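Taking my numbering, the leading residue of the sequence shown gets 10, the next gets one more, and so forth.
For each residue, glycine too, the CB sits at the ideal point set by N, CA and C.
Keep in mind the model is a prediction, meaning the values are calculated, not measured.
Worksheet: the structure to be examined is printed underneath.
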Amino acid sequence: MTKMDYWLKQLNLFFVALSFFTRLPIPKWVEFDNDKLNHSSRYFGLVGAVVGSISAVSFWLAQLILPASIAVIIAIVVGVMVTGGFHEDGLGDTADGFGGGWTVADKLRIMKDSRLGSYGALALGLGLLLKWQLLVELALYSPLAAMSGLLVAHTLSRVLAASIIFTEQYVRDEDGKSKPLAQQQSLDDLFILFASGLAILLWLNGVVAFVLLMILWGLRLLLVSFFKRQIGGYTGDTLGAAQQISELVCYMVILAVGLS
Numbered sequence: 010m011t012k013m014d015y016w017l018k019q020l021n022l023f024f025v026a027l028s029f030f031t032r033l034p035i036p037k038w039v040e041f042d043n044d045k046l047n048h049s050s051r052y053f054g055l056v057g058a059v060v061g062s063i064s065a066v067s068f069w070l071a072q073l074i075l076p077a078s079i080a081v082i083i084a085i086v087v088g089v090m091v092t093g094g095f096h097e098d099g100l101g102d103t104a105d106g107f108g109g110g111w112t113v114a115d116k117l118r119i120m121k122d123s124r125l126g127s128y129g130a131l132a133l134g135l136g137l138l139l140k141w142q143l144l145v146e147l148a149l150y151s152p153l154a155a156m157s158g159l160l161v162a163h164t165l166s167r168v169l170a171a172s173i174i175f176t177e178q179y180v181r182d183e184d185g186k187s188k189p190l191a192q193q194q195s196l197d198d199l200f201i202l203f204a205s206g207l208a209i210l211l212w213l214n215g216v217v218a219f220v221l222l223m224i225l226w227g228l229r230l231l232l233v234s235f236f237k238r239q240i241g242g243y244t245g246d247t248l249g250a251a252q253q254i255s256e257l258v259c260y261m262v263i264l265a266v267g268l269s
């Protein structure tokens, strides 16, 4: 394989990841199959950087003419529009399944239901409210703090969620109606995924980067343990929930440590 072929393959994998997690247009020449979807997980963090950058730019433009609190709402809305609410949907489904099901089969069945239940509505409502408040506090400190928070949190949260694929067992739906999902990772995939996370940490000072790294590692352990107790592994919905929860934690750490 020539260097040109190698980089074209990597670009193809990136566009596969981008098409999977966002509504952004991609070139028509991009090829899709299960193997490419599995290996595209290496670029999930980079996709997060794209989404975070778009949200950050939206916030910056909005805050030039509107109050910071309104600009934050616009940034959140833009982020949801870019992803199609992909991860928020996972959080809602996970909350409904874990909150309303008694057995593993019940939880998986509820998580596949397209209707939103009370647990899911509460999780989404409280999650969005907390996200808005945290970003408002960052924005009141400085617009750059909010923009940095968006970029860092969107990237690292997707790195954390995608890393679960490497170590944990995918819980298959018995009726085979699960959403397409990257279910395998190689060491190369994991290395590139972590490299994107480490690169984005350079955006922060050393203390904040170290605290974020330690807290997110601990959060990953807690989430994995919780998912195992609930359903014995992970699904696409639980990965979405992991992304949303870790995104919120990133904002909290940056606000508590980075601005103290």
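- Query: In chain order, what residues of the same chain have a beta carbon less than 6 Å from the beta carbon of Ala-80, not counting five sequence neighbours either side?
  - Reply: Phe-68, Ala-71, Gln-72
- With a cut-off of 8 Å on the beta carbons, I'd call Thr-164 and Gly-61 a contact; round off their distance for me. 6 Å
- Distance between Leu-248 and Ile-209 (C-alpha atoms, nearest Å): 20 Å
- Message: Under DSSP, the alpha helix (DSSP H) around Lys-18 begins and ends at which residues?
- Response: 12 to 30
- Message: Please report the distance separating the alpha-carbon of Ser-187 from that of Arg-181.
- Response: Confidence is the limiting factor: at Ser-187 the pLDDT is only 44, short of 50, which leaves the residue's position unreliable, though a coordinate-based value still follows. Cα to Cα, the separation comes out at about 7 Å.
- Between the Cα of Arg-32 and the Cα atoms of Gln-194, Phe-200, Ile-63, which residue gives the shortest distance? Ile-63
- Message: I'd like to check one pair, Ala-162 with Cys-259: are the Cβ atoms closer than 7 Å?
- Response: yes
- Tell me, which residues are paired with Tyr-243 by DSSP? Tyr-179
- Message: Can you tell me whether Ser-205 is helix, strand or coil according to DSSP?
- Response: helix
- Smallest Cα separation from Ile-119: which of Leu-199, Glu-40, Val-66, Gln-239? Gln-239
- In the DSSP assignment, find the alpha helix (DSSP H) that holds Asn-43 and state where it starts and stops. 43 to 48
- What residue from Ile-173, Asp-197, Tyr-179, Ile-201 has the CA that sits closest to Ser-255's CA? Ile-173
- For Leu-22, is the classification buried or exposed, using 16 other Cβ atoms within 10 angstroms of its Cβ as the cut-off for buried? buried
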